[in-house]
Amino acid sequence: MKDHFTMDAPQPRLLDEMKQGVIGKPMDRPDGPQKVSGTAGYAADHTTENMVHGVLVRATITRGRVRQIDKSSVEAIDGVIDVVTDARMIRNPAQGMAGSAPVQPGDAVHYHGQPIAVVVAETFEAARDAAQRLAVHYETEEAAVTPDTSTDVETGEPETAGNFEAAWSGSEVTVDQTYTTGAHAAAAMEPHAAIAEWKDGAVTLRSALQMVRFNKKELADTLGIDPSKVRILAPFIGGGFGSKLGLGPEAAAAAIAAEKLGRPVRVVMTRQNVFDSVLRRSETSQRVRFGATKAGKITVIAHDDRVSNIDGEGFAEPVTQASQFLYGADGLSFTQTLARIATTPAGSVRAPGEAVGMLAFEAALDELAEKLGIDPVQLRLDNLPETHPMDGRPYSARRLADCLKDGAERFGWADRGAPGSRREGDWQIGMGVASAARANMLIKSSSRVRLTGNRAIVETDMTDIGTGTYAILAQIAAEALGLDPSHVEVRLGDSDLPGASGSGGSFGANSAGSATFLAAKKIRARIAEALGCAEDSLTLQNGLARGDNKEAALTDLVTEEFLEEATVKAGKTSESHFSSGFGAHFAEVAVHEWTGEVRVRRMLGVMSMGRILNEKTARSQAIGGMIWGIGSALTEEMQSDPRDGHVVTRDLANYHVPAHADVPGQMEVVFLEERDDYANPIQTKGIGELGISGAGGAILNAIAHATGRRVYDYPATPDRVLAALDA
Ligand code: MOS
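The opening position of the sequence shown corresponds to residue 160 in my numbering, with each subsequent residue numbered one higher.
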């Protein structure tokens, strides 16, 4: 019944041969009506009998110990049940795919805003009131809260290829610039939330989580119980963007309090809690060096960065990820420095690495093009490497050159004129380009498909964080089984179902999609057997099976359920070939010469991202990423108080994610047809994060083209733009 498939060799492109014709189609999401009618049950939406409400108490010191929590300070508040502290409480969400408990600090405080207790009350209002009034006595210690003042700073070994020093000293034209980017919040619309309920020594947790297979282990390890005693339900998630990859403090607190009180407990983070104690993206400082010949051949690429995190977190923003495989050079060098600081811990946020690394990298390349007097599109085209510059692997599929050329054509790039040459009143107008790249992965995943008559059910613990998983898995099963997608029910986000990758790193569709395809393929074999035909002669369409001159309706053929499960995992092709999504971003901006305001007027992303499973959800993903590109370039920056590290931008007014008014009406996305035969059995690539990777760079380069001046500290807020204009 089970089928374990390892991706060791390219597979036939069966989805291109199947006859239902639903793959790639812009099908509406089947979960859409539930979402717009408010009937999709998000984590906090469930009410259980006897349920009580927990609110996290946040530490108000930077570092030290909780000496005493004075419960009597809140006892008089009507409805307060308990103030729960426990050595198993967690300091911050688990990192993505950790599969084990995050740091459990006991009474130690490691950052301002760390959850230290949970107040439980009969109502949310009473719990919140008590959490704010609770008297906590601390013992404080000194701690650095900015990378500049940290004394715990470690620089890793450089990753190099070729002879960097020789190539650098021999370069005819060089660029050597340092850039900074602000810390980012994932800023998912749905605040982090959990409801825990115990029964017979086992806990059921409803929580907004991206990777329930891993989250189940994280909760079990946190509580010190066997994973078989944990069930996690996350059928609907209101955005995650990295912030819900790992089990969070709200979930641990709910489980601990529910166990102690013997009642179901719901803990919903306030928006402020989310900003305080959910993993942020590190701020970065990045030095980028390019060397080239006068003719425009890149000879040197160096990208050195400094990022931060709190003690005990292994994660460091992978800033140079795309810098290592986009362009060729004689010498390449990449070095990372990690500063330990006592502030909100850092982790994965929306395209970790590329989202901020490419802001600086693609801006530096633009500056090199300007110095060389070579068109920035042409400079990129002229320096695409034959193989991966660091390890020599061939690319599995790469249409970057086509994306750049096609985009330049569509965007009217040829007419852009000299920097600073276009003006409309007080506005200076410019165009910018940047490459897009985001590494592609296949993560071990299982899926189960059940067919009875012409109705199928897909079951996997894969999640849908708003991306369209319900749609694409239905389309894959429908295509493989010859069914209308409305005849396929998809069940997700339940840790009792076969374990999948979860949603992260843009690998969900590849991974869970491949597993679903392979399970459906096993069912095809059983249908062929039932019909009495060879599997490769079988055609399935609209509930009819045909092959070897036989025909039967599935309703007649499959009267008892066919059930198959498949597991897919990466194999030799991921070692022999390097897989990444590629694309080209173009942006046109207007910069106001007196206020420094930047308006994005239009954006175009031309992308090659393997087989497109659903043209509509893929496009929405790409546009969402490009909008975040606007955020990273222009508006998004988490600010912390340099005295104690507490986050001061703790809501969506102070932390500005682009709103409709910031987004141009013209946001165009073009997909160039592609199949990635080395990526997985369905020839797809990740989509979620490619849209953001490079998009901000195109905007920053457009500012430089509009004004003839460059901003090096991002986001390029009006004050920074004005300073550049005045320089
Ligand atoms: Mo992603 S930042 O791996 O959800």
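We put the beta carbon where it would ideally sit given N, CA and C, even for glycine.
When DSSP states are grouped into helix, strand and coil, Tyr-629 belongs to the helix group. Assigned with DSSP and collapsed to three states, Thr-458 falls in strand. As summarised for the stretch 480-550, the continuous alpha helix (DSSP H) elements at least 4 residues long and confined to that stretch are 513-531, 535-541, given in chain order. Phe-400 has its Cβ nearer than 7 Å to a heavy atom of the ligand MOS. If you check the C-beta of Arg-509 against the ligand MOS, you find a heavy atom less than 7 Å away. Apart from the 5 residues on each side of it in sequence, Val-508 sits with its Cβ closer than 8 Å to the Cβ of His-343, Ala-344, Ala-345, Phe-400, Gly-401, Ser-402, Leu-438, Arg-439, Arg-440, Ala-514 in its chain, given in chain order.
Here Ile-782 is near Val-828, since their CB atoms are less than 8 Å apart. Lys-680: member of the alpha helix (DSSP H) spanning 667-690, first to last residue. The distance from the Cβ of Pro-823 to that of Arg-760 is about 5 Å, consistent with a contact at the 8 Å cut-off. Residue nearest to Leu-831 within the set Gly-360, Asp-561, Arg-448, Lys-844 is Asp-561 (criterion: CA-CA distance).
Counting only residues of its own chain and dropping the five nearest sequence neighbours on each side, Gly-487 has a CB closer than 8 Å to the CB of Ile-457, Asn-542, Leu-543, Pro-544, Glu-545, Pro-548.
Per DSSP, Ala-202 has no beta-bridge partner at all.
The residue among Ala-567, Glu-331, Thr-496, Ala-361 with its C-alpha nearest the C-alpha of Thr-314 is Thr-496. In this structure, the CA atom of Leu-716 is about 20 Å from the CA atom of Glu-648. By the Cβ rule, the stretch 380-399 does not count as touching the stretch 172-182, because fewer than three pairs are nearer than 8 Å. Using a Cβ-Cβ distance cut-off of 8 Å, the stretch 439-454 and the stretch 333-342 are in contact, since at least three pairs of beta carbons, one from each stretch, lie closer than that value. Take the alpha-carbon of Met-590 and the one of Thr-340: they are about 22 Å apart. Within its own chain, the residues whose Cβ lies closer than 8 Å to the Cβ of Asp-585, once the five positions on either side in sequence are excluded, are His-751, Glu-752, Trp-753, listed in chain order.
Looking at Tyr-201, Val-478, Ile-841, the one whose alpha-carbon comes closest to that of Gly-506 is Val-478. In this structure, Leu-378 has its beta carbon at no less than 7 Å from each heavy atom of the ligand MOS.
Within 10 angstroms of the beta-carbon of Gln-483 lie 16 or more other beta-carbons, which makes it buried. One alpha carbon belongs to Tyr-837, the other to Ala-674, and they sit about 16 Å apart. For Phe-395, no beta strand (DSSP E) segment is defined, and its DSSP state is neither H nor E. For the ligand MOS, a non-hydrogen atom lies closer than 7 Å to the CB of Ser-662.
Shown here, Val-334 sits in a strand according to DSSP, grouped into three states.
Around Leu-697, the same chain offers Arg-683, Ile-686, Ala-687, Leu-690, Ala-704, Arg-705, Gly-706 as residues with beta carbons nearer than 8 Å, after the five sequence neighbours per side are excluded. Judged by DSSP in its simplified three-state form, Asn-468 adopts strand. Within the same chain, Cβ atoms closer than 7 Å to the Cβ of Ala-416 are found at Gly-213, Val-243, Val-277, Val-279, Val-424, the five residues on either side in sequence being excluded.
Restricting attention to Ser-852, Gln-700, Ser-767, Gly-551, the CA atom closest to the CA of Gly-321 is found in Gly-551. Contact between Val-592 and Asn-860 holds, with the beta-carbon distance rounding to 6 Å and staying under 8 Å.
Looking from the CA of Pro-274, the closest CA among Gly-755, Pro-264, Gln-825 belongs to Pro-264. The C-alpha of Arg-758 is placed about 39 Å away from the C-alpha of Gly-652.
Under DSSP, Tyr-297 shares a beta bridge with Val-225.
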